[in-house]
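Numbering (our numbering), first residue to last: 164 to 707. For each residue, glycine too, the CB sits at the ideal point set by N, CA and C. Just so it is clear, the structure is predicted and the values come from calculations on it, not from any experiment. Worksheet: one structure, shown below.
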């Protein structure tokens, strides 16, 4: 892995040193007096093309060196010097990245000018919060509801387009390693950790377009069925889907999270993935229904190969983890569907109807809604319990197995993932969070900002337009900075802002056991949500 260090690393395996110039890209903690980096001259995520400082670059396989180097890394995602990417990536990957980065550079100025003209507090709130409707987080939470209430076909279709979108977008992100719009001049607003990923293409745009087209497909089918949907309802719902797509795609530009190039590519991917699903979904179902053991024999190795083939990023990008999760969920869903279709658990098995009525008398409504709540709570609880159990078992069993196998042959190793030979056990806190990382809800929704403020407003000023939020300026390597000290100055678009700097968040560590653990955990989630839990509800008499 190519990282930046203050000084050459001594000891360990032989290193390859690349004497390069590094641009000041992020501020370092001003309390660290040992650093020769200037805090007052730093930028949030924009390379300072004028102040080049010589640094030493190390490529080191040792995990000890990797931990030390991560602490010294001061560069945002995708913002290492171009020479680093050119030396590490293949020529065609580097050429694509240079082209995309050149677009990001001039598009950042265009987006900043747009923000200066259109940003308003109410729009900030709207686009930041609606961005959650374009994430796989939102759909991974809502998908089980379709399976729990009798629309397993819709759940399968949504899962397929969503999984393909997340995997392909993550694949391209780690393949190209392109940065997000530079902040400053762009003001970046975000929830969650999406800013830690590469920018090209926009996964939000991919998901929103593919999902909107999928629901439009269902709506159009109902409209063509007599007496199902009126013309007025059809056009109203079509308008809602169109407005949803606009809100998500334009919101990525408004919040400074993506460039025009990112969004155009995301929209194109979303449309292509929906078209592929439209053409192939029926054929896939027929193959699963009519085939024997060839289904698991093909599906399991294929999904494992998709995980293995995922490109190695130059920076520590979390895209790979989302790709693992969705590929594994698809594998679990397909395997559970194959088993159910061949063992009498097809559509004819589910004959019970939920007691009560969604609309009607008070007693019927109370009965239906009570059972609905219990079904959702029990279903999600089963999924969370499975995750805790499976992660605990896999993190206990896999490391010694990997260490044993490593004595016989060389195991596949992924950059930024510590091999089992370099640790004894996966830390308990790594394996006992009950909520999967891909559907992890933040404990506190925050609106974070890099760069300039909105229309002369001072960021996070008490009583100001953003006073109700915990506004933070993102620091080194895209991690968040806590609000411990402030210095007011002119940056970015030239507006007054209060800059927050403080203690850097703890560096996230990865272990090789995590990869196969995620495969097992999320394939189990797919089996539970689309197979075992609906069968459980049928047995309990709750129906679907």
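Handout entry: Span separating the alpha-carbon of residue 280 from that of residue 417
Key = 11 Å
Practice task
Check residue 369 in the structure and name its three-state DSSP category.
Solution key: helix
Practice task
Could you check what DSSP says for residue 418 in three-state terms: helix, strand or coil?
Solution key: coil
Handout entry: Residue range of the beta strand (DSSP E) that includes residue 282
Key = Note, residue 282: premise wrong, no beta strand (DSSP E); not H, not E.
Practice task
Could you tell me the distance, in whole angstroms, from the CA atom of residue 563 to the CA atom of residue 685?
Solution key: 22 Å
Problem - Own chain, CB closer than 6 Å to residue 259, minus 5 neighbours either side, in chain order - result: 339
Exercise for the section: Starting from residue 325, follow its DSSP beta bridges and name the residues at the other end. Expected result: According to DSSP, residue 325 bridges with nothing at all.
Practice task
Helix, strand or coil for residue 471, going by three-state DSSP, please let me know.
Solution key: helix
Handout entry: Residues of its chain near residue 676, where Cβ-Cβ distance is below 8 Å and the 5 sequence neighbours each way are ignored
Key = 557, 558, 561, 562, 565, 583 and 589
Handout entry: Environment of residue 359 [buried if 16+ CB atoms lie within 10 Å]
Key = Buried, because 16 or more other Cβ atoms sit within 10 Å of the Cβ of residue 359.
Exercise for the section: Pull up the distance between the alpha-carbon of residue 519 and that of residue 275, whole angstroms please. Expected result: Roughly 54 Å separates the two Cα atoms.
Handout entry: Given 8 Å, three or more beta-carbon pairs between the region 421-432 and the region 314-321
Key = no
Practice task
Return the CA-CA distance between residue 475 and residue 551, expressed in angstroms with no decimal places.
Solution key: 28 Å
Exercise for the section: Give, in chain order, every unbroken run of the alpha helix (DSSP H) that is at least 4 residues long and sits entirely within the region 235-283. Expected result: 245-251 and 254-281
Exercise for the section: May I ask which residues mark the beginning and end of the alpha helix (DSSP H) holding residue 559? Expected result: 525-569
Problem - Local conformation of residue 351 per DSSP, three classes - result: strand
Handout entry: Three-state secondary structure assigned by DSSP to residue 293
Key = Three-state result, residue 293: helix.
Practice task
May I ask you to verify whether the region 395-410 touches the region 454-473, counting CB pairs closer than 8 Å and requiring at least 3?
Solution key: no
Practice task
Verify whether the separation of the beta carbon atoms of residue 326 and residue 490 is less than 8 Å.
Solution key: yes
Handout entry: Buried versus exposed call for residue 572 [16 or more other C-beta atoms within 10 Å across all chains shown]
Key = exposed
Practice task
May I ask you to report which of helix, strand or coil DSSP gives residue 361?
Solution key: coil
Practice task
Decide if residue 406 is buried, meaning its Cβ has at least 16 other Cβ atoms within 10 Å, or exposed.
Solution key: Label assigned to residue 406: exposed.
Practice task
Please go through the same chain and pick out, in chain order, the residues whose beta-carbon is closer than 8 Å to the beta-carbon of residue 515, but skip the five residues on each side of it.
Solution key: Within the same chain, residue 515 has close Cβ partners 701, 704, 705, 706 and 707.
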